[in-house]
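Below you'll find the structure, written out as structure tokens, and then a few comments.
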Amino acid sequence: MNYTHSSIRYVFKNFWYIALLSVLPGAILSGMARVEEMQKFYTAFFSGNLSSISWTQIFNTFSIYNFSDWLPALLNIAAYVGIVLCASMLLALIDKHMRIGKRTLNGLIDKLNDNILSTGAVALFFSVLYELWALLFSSLAFAIFSLAPNVIAQYVLFCILLLAGGLALLYVIALFYLWLPCMQITGFRPFEALRYSNQITEKVKRRLIVSMFVSLIVGNAIIIPCAIFAPVPVSYAAMLIVYMFYFMLFMVRMEVIYFDTAQLDREDLKPAYIKKHED
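Below, the structure is given as structure tokens:
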């Protein structure tokens, strides 16, 4: 199964159904971006002035959260809570739709109570994982910009670091990607669910990594030019759209892969006349 195609098809087929719970995370993630720092980084990078790039500019470009002061820290916590709430409800809605073929809000609050703790724990895990990656990546990139003997060496080494570091991050994410649905749908304990998720993703791990990699390439092809050339409000608007689609694809792909690897029938794929006959 082509997971990218299947996930995008589900997103557009059910766009208004899932977009309502994806606008807030998209707005939060775009609002947390430091566009001015991104503009400085990308402008210096593409102009060949890599030695002038500071570690702070690199980290602020690739990092999500901002703990430079108490107010941004509080906003980060509020943003985390908002994303967890939306993710919990969205996963519950997608799971119900794929299981019974109906898009209803009945029982959403009960499902939210069941899902929110596991969703919060996994979201915190992924957040810490990404921020540690951003910290390490920024340090290595700054070392390259500071120590490489010339611009060509800086570009070559940075591209190698970006490709290797990005694939390493996606590989680690793939290891834990189905952890959440395995906990929520099967009812397994965390470590049992993690073991089960690794078992069912073993054969599709490469396709999952490719799917996430393609999504990142397309999204950054929109974000980077906007960060360099567009006014700040336009950059934020572009990032809101990209991050909203990132959020939708991340959630939808998770359920699509789980149902496929766990060999569960998807009722949402059945034609309407078949479901009516079965009812």
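967 is the number of the first residue of the sequence shown in my numbering; add one for each residue after it.
Using N, Cα and C, we set each Cβ at its ideal position, and we do this for glycine too.
Is residue i helix, strand or coil when you go by DSSP?
| i | result |
| --- | --- |
| G992 | helix |
| Y1031 | coil |
| Y1143 | coil |
| S1013 | coil |
| I910 | This structure cannot speak to residue 910, because the chain is shown only from 967 to 1245. |
| D1080 | helix |
| F1283 | Any property of residue 1283 remains undetermined from this structure, which presents the chain solely from 967 to 1245. |
| T1070 | coil |
| G1131 | helix |
| L1230 | coil |
| L953 | There is simply no residue 953 to check, as the chain begins at 967 and stops at 1245 in what is shown. |
| E1168 | coil |
| K1236 | coil |
| G1153 | coil |
| P1197 | coil |
| P1038 | helix |
| A1119 | helix |
| A999 | coil |
Distance, Cα to Cα, residue i vs residue j?
| i | j | result |
| --- | --- | --- |
| I994 | Y1121 | 32 Å |
| L1129 | L1051 | 33 Å |
| L986 | S1112 | 45 Å |
| H1243 | K1236 | No answer about H1243 holds up, because its pLDDT of 44 lies below 50 and its placement is not dependable. |
| Y1212 | R1219 | 10 Å |
| I1188 | T1009 | 15 Å |
| F1028 | W982 | 30 Å |
| S1018 | I1024 | 11 Å |
| A1140 | P1197 | 35 Å |
| L990 | L1135 | 25 Å |
| F1179 | I974 | 15 Å |
| I1223 | S1177 | 11 Å |
| S1163 | E1221 | 12 Å |
| E1003 | N1032 | 12 Å |
| K1169 | N968 | 13 Å |
| L1123 | F1216 | 30 Å |
| P1191 | S996 | 15 Å |
| V1184 | F1157 | 34 Å |
| P1038 | A999 | 12 Å |
| I1118 | W1036 | 40 Å |
| F1154 | M1205 | 36 Å |
| A1044 | N1116 | 44 Å |
Applying the 10 Å Cβ sphere with the 16-neighbour rule, what's the burial state of residue i?
| i | result |
| --- | --- |
| W1145 | buried |
| N1026 | buried |
| Q1165 | exposed |
| T1070 | exposed |
| H971 | exposed |
| D1231 | exposed |
| I1240 | Because I1240 carries a pLDDT of 46, less than 50, the predicted location of this residue cannot be relied on, and the following value inherits that uncertainty. With fewer than 16 Cβ atoms within 10 Å of its Cβ, I1240 is classed as exposed. |
| D1061 | buried |
| F978 | exposed |
| G992 | buried |
| S988 | buried |
| A1100 | buried |
| P1199 | exposed |
Thinking C-alpha only, which one of the options is nearest residue i?
| i | options | result |
| --- | --- | --- |
| N1079 | L1133, S1093, A1058 and R1069 | A1058 |
| F1142 | T1167, R1155 and G1132 | T1167 |
| N1015 | M1210, A1114, G992 and Y1031 | A1114 |
| E1233 | L1123, W1021, R1173 and K1068 | K1068 |
| A1087 | M1149, L1037 and K1062 | M1149 |
| N1081 | S1104, I1060 and S1054 | S1054 |
| M1214 | D1226, I1194, S1181 and T1227 | S1181 |
| D1226 | A1109, S1201 and R1065 | R1065 |
| I1151 | K1006, V989 and A1228 | A1228 |
| F1012 | S1177, C1125 and Y1096 | C1125 |
| V1047 | A1109, S973, L1090 and Y1202 | L1090 |
| Q1005 | F1195, G997 and N1072 | F1195 |
| I1049 | I1118, T1085 and L1098 | T1085 |
| A1203 | V1001, S1020, Y976 and N980 | V1001 |
| S1105 | L1127, V1094, L1037 and I984 | L1127 |
| N980 | I1030, S1020 and L1056 | L1056 |
| F1108 | M998, W1021 and I984 | W1021 |
Heavy atom of the ligand NAP less than 7 Å from the Cβ of residue i, yes or no?
| i | result |
| --- | --- |
| V1170 | Ligands displayed in this structure: none; no statement on the ligand NAP is therefore possible. |
Exercise for the section: Assess, as a yes-or-no matter, whether the stretch 1168 to 1180 is touched by the stretch 1201 to 1211 under the definition of 3 or more beta carbon pairs within less than 8 Å. Expected result: no
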